[in-house]
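Notes follow once the structure below has been shown.
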Amino acid sequence: DQDRHPLPTGEIGEIFTRMAQAAPPCEYRGTQNLEVILDGYSSVGDMGWVDSEGYLYLADRRTDLIISGGANIFPAEVESVVTQHPKVKDVAVVGLKDDDLGRRVHAIVESFDEADAPTIEELTNLCADHLVKYKAPRSFELVRALPRNEAGKIRRSQLREERGG
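Residues 49 to 213, numbered by my numbering, are exactly what the sequence shown covers, in order.
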């Protein structure tokens, strides 16, 4: 939780690990991805939960978390719904600035065939059928190709920056 106490089973929170060797009481490392070291625990930069058997599951990167109207929205959850559409090759969900909500959910969609791309209405209906209203994207954008790094991962930060997010 916010006070660095363990969360109940199944509740999503930030993942911390304890280092084998003692670390200074508190220090910051790096400039782009601040890694907080506190009492020997360090953030791995991911959000996740532990099930009743003690298995750890990853939800998403902490930096990708969208807080919209006070609710936490994990892009991976929204993306897993959008990619169910048979015409969607891949999708990146980002949070964009919103005067009312703080951030709004925006889905950037890459289709298999640009000439036969899914419609915004199809995507909106799909999300309405599978997500609670506050998690559904408020806007969609169809692109020819999503930007990727050398490892093939989508460049979310680039997408956010290009859209003023």
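All residues carry an ideal CB built from backbone N, CA and C; glycine is no exception.
The structure displayed is predicted, hence computed values, not measured ones.
Residue pairing by DSSP places residue 142 opposite 154 in a beta bridge.
Secondary structure of residue 173 (DSSP, three-state): helix.
The C-alpha of residue 89 is placed about 6 Å away from the C-alpha of residue 64.
In the assembly as shown, residue 123 is a buried residue. Its beta-carbon has 16 or more other beta-carbons within 10 Å. Distance from residue 154 to residue 187 at the Cβ level is roughly 5 Å; contact confirmed, criterion being Cβ atoms closer than 8 Å. Between residue 126 and residue 179, the C-beta gap is smaller than 8 Å, which places the two residues in contact.
Assignment of beta-bridge partners to residue 64 by DSSP yields 91. Secondary structure note for residue 191: its beta strand (DSSP E) is the uninterrupted segment 187–191. The beta carbon of residue 191 sits closer than 8 Å to those of 156, 157 and 158, all from its chain and outside the five residues before and after it, given in chain order.
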